[in-house]
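Asker: According to UniProt numbering, the residues represented by the sequence shown are 1 to 310, in order.
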Amino acid sequence: MSRGDDVLDRVQFSQKQQLHPPMQKRLIPSPPDGYHFEERAQDTQADAVAAQRQQHVMKTLGIADPIFDKQWHLFNPVQVGHDVNVTDVWLSGVTGKNATVAIVDDGLDMYSNDLKNNYYAEGSYDFNDHRDEPRPSLSDDRHGTRCAGEIGAGKNDVCGVGVAYDSKIAGIRILSKLISDADEAIAMNYDYQHNQIYSCSWGPPDDGRSMEAPGILIKRAMLNGVQNGRDSLGSIYVFASGNGAASEDNCNFDGYTNSIYSITVGAVDRKGNHPYYSEKCSAQLVVTYSSGSGDSIVSTAVHTKYELGS
């Protein structure tokens, strides 16, 4: 650069950073007025062959977790076939080993007996309180721990197991306080050579009125992730479609879920029905099991063993 050049001539982009409210967690709302909400499913008998198969899986894999038999989304012996069909994958030796999932959320309880052995500290950070450990600090900082348990709860004698119980789990906390676009963008690329999958169960308000998109820095971070992350195989961004269907919301209105750089996931319940809350849109690639038909997913809870939820 010559003496007469202005250093600002080489600046390609500039944006004053301001704190803004965080995106909203994808919590299941109360059913709309007049909706018939089924009682908790206790009314049907397990299929005898399926129940035998479940015991075989537990014995072969050494699953001693006390509520595995309640994790119908992993193995459903009542509504046979309505589960994620993962047990044969486990039996073939694929259990999440060498995979790392970053839970981008409100933190996670890394000292939970179900998560501590799979916790990946190097890929974790708290962008709300700017500290290394993304510990849940607020009374409602429970969502990230639940999501982490559904993915990576360890195989032990505590609670249940995650769908990838040998995977590593990182926590990236961004949903508990005001945050800038710059910090959110850094979060979406945090340790992106080791954090392979970013689980993002959040987005703009599910009110049927909001149309929001990620800012330019966040869009560029996601593009950088899919082009350069995971040793150039590409970071994988997984977003929940949203829980605002009862408000006539649609995930096409959400700039995170309709991004070409994200995988958008909707919900079905234990009977294969479409729950009242789950949004649909053309951007949705796949569905998986969630609450509905009188039952919920059992997962890890903060400071306690487990709880029901999404």
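Cβ atoms here follow ideal geometry from the backbone N, Cα and C, with glycine treated the same way.
Between G171 and L108, which are expected to be in contact by the criterion C-beta below 8 Å, what is the C-beta distance as a whole number of angstroms?
Answerer: 4 Å
Asker: Is it buried or exposed, V161, if we count other Cβ atoms within 10 angstroms and call 16 or more buried?
Answerer: buried
Asker: May I have a chain-ordered list of the alpha helix (DSSP H) segments no shorter than 4 residues that lie completely inside the stretch 3–90?
Answerer: 48–61
Asker: In angstroms with no decimal places, state the Cα-to-Cα distance between L115 and R10.
Answerer: Between L115 and R10, the C-alpha separation is close to 46 Å.
Asker: Spatial neighbours of V265 within its chain, please: C-beta separation below 8 Å, excluding the five flanking residues on both sides.
Answerer: V238, F239, A240, S241, Q284, L285, V286, V287 and T288
Asker: At 3 residues or longer, what runs of the beta strand (DSSP E) sit wholly inside the stretch 85–164?
Answerer: 100–105
Asker: Compute the distance between the beta-carbons of R230 and Q193, then report whether it is under 8 Å.
Answerer: yes
Asker: Do you know offhand how far S14's Cα is from M188's?
Answerer: 19 Å
Asker: With 16 as the cutoff for other CB atoms within 10 Å, does T44 come out buried or exposed?
Answerer: exposed
Asker: Could you name each continuous alpha helix (DSSP H) segment of 4 residues or more that falls completely within the stretch 258–308, going from the start of the chain to the end?
Answerer: none
Asker: Looking at S201: is its Cβ nearer than 8 Å to the Cβ of D106?
Answerer: No, the Cβ-Cβ distance between S201 and D106 is not below 8 Å.
Asker: What is the C-beta distance between S299 and R146, in whole angstroms, given that I count them as a contact (C-beta under 8 Å)?
Answerer: 5 Å
Asker: Are the beta-carbon atoms of V57 and H73 separated by less than 8 Å?
Answerer: no
Asker: Looking at C-alpha atoms only, which residue of L91, Y120 and G215 is the closest neighbour of K59?
Answerer: If you compare the alpha carbons of L91, Y120 and G215 with that of K59, the shortest gap goes to L91.
Asker: Suppose you measure from the CA of H130 to the CA of E248; what does that come to, to the nearest Å?
Answerer: Between the C-alpha atoms of H130 and E248 there is a straight-line separation of about 37 Å.
Asker: Tell me which residue opens and which closes the beta strand (DSSP E) that S199 is part of.
Answerer: I197 to C200
Asker: State buried or exposed for I151, treating a residue as buried only when at least 16 other CB atoms are found within 10 Å of its CB.
Answerer: Flag for I151 reads buried.
Asker: Taking the alpha carbon of L19 as the point to measure from, which residue in N113, T257, D183 and Y119 has its own alpha carbon closest?
Answerer: Ranking N113, T257, D183 and Y119 by Cα distance to L19 puts D183 first.
Asker: Can you tell me whether M1 is helix, strand or coil according to DSSP?
Answerer: A caution first: M1 carries a pLDDT of 48, below 50, which makes its placement in the model unreliable, though a value can still be read off. It is coil, neither helix nor strand.
Asker: For the beta strand (DSSP E) that contains I236, what are its first and last residues?
Answerer: I236 to A240
Asker: Whole angstroms are fine: how far does the CA of K25 sit from the CA of H143?
Answerer: 7 Å
Asker: In three-state DSSP terms, what is I216?
Answerer: helix
Asker: Quick check on G244: does DSSP put it in helix, strand or coil?
Answerer: coil
Asker: Tell me whether the beta-carbon of G255 lies closer than 8 Å to the beta-carbon of D207.
Answerer: G255 is not a Cβ neighbour of D207, given a cutoff of 8 Å.
Asker: Starting from I186, trace the alpha helix (DSSP H) in both directions and tell me its first and last residue.
Answerer: D181 to M188
Asker: Answer yes or no: do residue 311 and S235 have a C-beta to C-beta separation smaller than 8 Å?
Answerer: Nothing can be reported for residue 311, as the shown portion of the chain is limited to 1 through 310.
Asker: By Cβ distance below 7 Å, which residues in the same chain neighbour Q12 in space, the five residues on each side in sequence not counted?
Answerer: none
Asker: Count the other CB atoms, across all protein chains shown, that sit within 10 Å of the CB of L214; report buried if there are 16 or more and exposed otherwise.
Answerer: Rather than Leu, the amino acid found at residue 214 in this sequence is Pro. It is buried - the Cβ of P214 has at least 16 other Cβ atoms within 10 Å.
Asker: Can you give the Cα-Cα distance for V101 and A153, rounded to whole angstroms?
Answerer: 12 Å
Asker: Three-state secondary structure (DSSP) at R173?
Answerer: strand
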